[in-house]
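Notes for the one structure printed next.
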Amino acid sequence: MPQESNELISKQKSKRIGIISCEVFEDELLFVMKEHPEIGKIIIVNTEESKYFENLVRDNYPFEKIKMARELFAPRYLKREEELEVIIYILPLFLHNDPDELKEEVLKACIDLQKHSDYLLLFYGLCGNSLNNLEGMLKENRIKVPCGILKDENNKEIVDDCVCALLGSKVDYLEILTKEPGTFFLTPGYARHWGLFSIRKIETIGEN
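Using this note's numbering, read the sequence shown as starting at 844 and increasing by one per residue.
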């Protein structure tokens, strides 16, 4: 996983960070969070896609550190209580079947979280170029809080996708693809959600 996520969390002390993540990164997101014991409160936006991550967090953190947000009300309903808090919004993998829908849902999540956050962090890559114009997309929709996205280990380029992020860089990704052409990568997160992803993919093909 690129260093971008760790560095962003470290720099944002006395803040609340809004994290928008594809569900394939659930295990990696937990790993990054555990690297930062200074996180005092974890708020999870309660959705159908957040169930697995909720269980992960409950297995690794004391009850008093966790808060579920069934809806994102006005900021006064999610009062800040700790020096560093994270609010996490998990989005479904099957959004990757439609780049426009993926872009739209990530944008909606950014809009929902910005009023509760000092910084937004996307656990996403370019994802079929859905997010290749992130800065312009946020500016166009008047999202004013700073926003970061996963970059390679040299912190130079946005990673292509989840596989690229886990390998560390585009260089490593290309090297493996060159050595093993036709390779199909299956991460633990992809394997976990592969069933529903495949069903939605077939439905999308049928509609078209």
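Every residue, glycine too, gets a C-beta built ideally from N, C-alpha and C.
Here residue 902 is exposed. Its C-beta has fewer than 16 other C-beta atoms within 10 Å.
A distance below 6 angstroms between beta-carbons, with the five flanking residues on each side excluded, links residue 925 to the following residues of its chain, in chain order: 883 and 884. The distance from the Cβ of residue 973 to that of residue 942 is about 4 angstroms, consistent with a contact at the 8 angstroms cut-off. The beta carbons of residue 1033 and residue 867 sit about 5 angstroms from each other, so the pair counts as a contact at 8 angstroms. Using a Cβ distance threshold of 8 angstroms, residue 910 and residue 931 do not count as a contacting pair. At the C-beta level, residue 957 and residue 929 stay beyond 8 angstroms of one another. By the neighbour-count definition (other C-beta atoms within 10 Å, threshold 16), residue 935 is a buried residue. Within the stretch 878-918, the runs of beta strand (DSSP E) at least 3 residues long that lie entirely inside it are, in chain order, 884-888 and 909-912.
Residue 858 and residue 1022 have their C-alpha atoms spaced approximately 44 angstroms apart.
In the three-state scheme derived from DSSP, where H, G and I count as helix and E and B as strand, residue 970 is classed as coil. C-alpha of residue 921 to C-alpha of residue 1019: approximately 45 angstroms in a straight line. Nearest neighbour of residue 1005 by Cα position, chosen from 991, 990, 1028 and 985, turns out to be 1028. The three-state reading of DSSP puts residue 925 in coil, since its state is none of H, G, I, E or B.
Apart from sequence neighbours up to five positions away, the residues of its chain that approach residue 986 with a beta-carbon distance below 6 angstroms are 953 and 957, ordered along the chain. Excluding the 5 residues flanking it on each side, residue 895 has same chain C-beta neighbours closer than 8 angstroms at 866, 869 and 1035, in chain order.
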